[in-house]
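Undergrad:
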Amino acid sequence: MENSFDKKASSWDDNTRRLKLIDDVTDVIIREMPLQKSHRILDYGCGTGLLGFRMIDHIGEITFCDTSAGMLEQVKKKQETLGYQNVTICQADLTTDDIPGSFDFIFSMLVLHHVENIEALLKRFHSKLNPEGIFCWIDLDEEDGSFHSGEPMPHLGFSKKNSETVLLEAGLEPIFYSSEITTRKEVAIGYKDFRIFVLAARK
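Quick look at the structure:
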């Protein structure tokens, strides 16, 4: 069954707004997260690997995981072009599937607002983290639905209070929150700025 993101994969990295957002998020992560060369990382909902490949020189191993075969094909091409050996690629939906291994960090960017049952997914993240492991959640602050041009979404972003509450319920203790990043996107009435948060929580 074709994933809706498969058709978007080949041109995903052509979006300059997306690339700028990745740069801004990477800056916050590198500045604030205690990444180490010994760490095993999971980039869940990785897309074409834009975020993970930005961090790859700061960590030990990385698993790129997505439900879209098309996106993972782009990850594979990047791996082959760049020559990284510390990369694992897997197609899975952690709401229903499992993947081998455990991780020191799990990153997920602009993914959870697409997920109906985020509570179940967060509990799965908890189970895949090593003791003291950190989940880093990058997503939309609460918005009016215009980010996806009115396309129905399970969640129209997340408030700080609600996101921290669901993390605590999953056994993850919030340790860092930033909403300093904005991204400007074209919507039906012109251009609009959307706030992006980076929230880290420890097992």
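When we follow my numbering, the leftmost residue of the sequence shown carries the number 186, and every step to the right adds one. All C-beta atoms in this analysis are idealised placements derived from N, C-alpha and C, irrespective of residue type, glycine included. Quick caveat: nothing in here was measured; it's all calculated off a predicted structure.
(1) Return the Cβ separation of Lys388 and Leu314 in integer angstroms, given the expectation that the two are a contact with Cβ distance under 8 Å.
(2) At which residues does the alpha helix (DSSP H) containing Met240 begin and terminate?
(3) Could I get the ranges of all uninterrupted beta strand (DSSP E) runs contained in the segment 275-337, with 3 residues as the minimum, in chain order?
(4) How long is the line joining the alpha carbons of Gly232 and Ala194, rounded to whole angstroms?
(5) With DSSP as the reference, label Ile207 as helix, strand or coil.
(6) On the CB-based measure, 16 or more other CB atoms within 10 Å of its CB, does Glu246 come out buried or exposed?
(7) Whole angstroms are fine: how far does the CA of Gly230 sit from the CA of Gly330?
(8) With a threshold of 16 other CB atoms inside 10 Å of the CB of Thr201, please say whether the residue is buried or exposed.
(9) Tell me, to the nearest whole angstrom, how far the beta carbon of Leu297 is from that of Ile381; I am working on the premise that it is less than 8 Å.
(10) Ser364 lies in the beta strand (DSSP E); which residues open and close that run?
(11) Does the segment 336-355 touch the segment 297-308, meaning 3 or more C-beta pairs lie closer than 8 Å?
(12) Where does Thr201 sit, in a helix, a strand or coil, going by DSSP?
(13) Please list the terminal residues of the continuous alpha helix (DSSP H) segment that includes Lys263.
(14) On the criterion of 16 or more Cβ atoms from any shown chain inside 10 Å, does Asp251 qualify as buried, or is it exposed?
(15) CA-CA distance, Thr368 and His333?
(16) Thinking Leu227 and Phe288 are a contact (beta carbons under 8 Å), I'd like their distance in whole angstroms, please.
(17) Would you mind working out which of Leu236, Asp199, Ser312, Gly255 sits nearest Ile215, comparing C-alpha positions?
(18) Could you name the residues that DSSP lists as bridge partners for Thr248?
(19) Report the option in Gly255, Glu258, Ala305 whose CA atom is closest to the CA atom of Leu357.
TA: Looking at the atomic coordinates:
(1) 4 Å
(2) 235-240
(3) 288-294, 314-325
(4) 8 Å
(5) helix
(6) buried
(7) 21 Å
(8) exposed
(9) Leu297 to Ile381, Cβ: 13 Å. No contact.
(10) 358-372
(11) yes
(12) helix
(13) 254-267
(14) buried
(15) 13 Å
(16) 4 Å
(17) Leu236
(18) Leu227, Thr273
(19) Ala305
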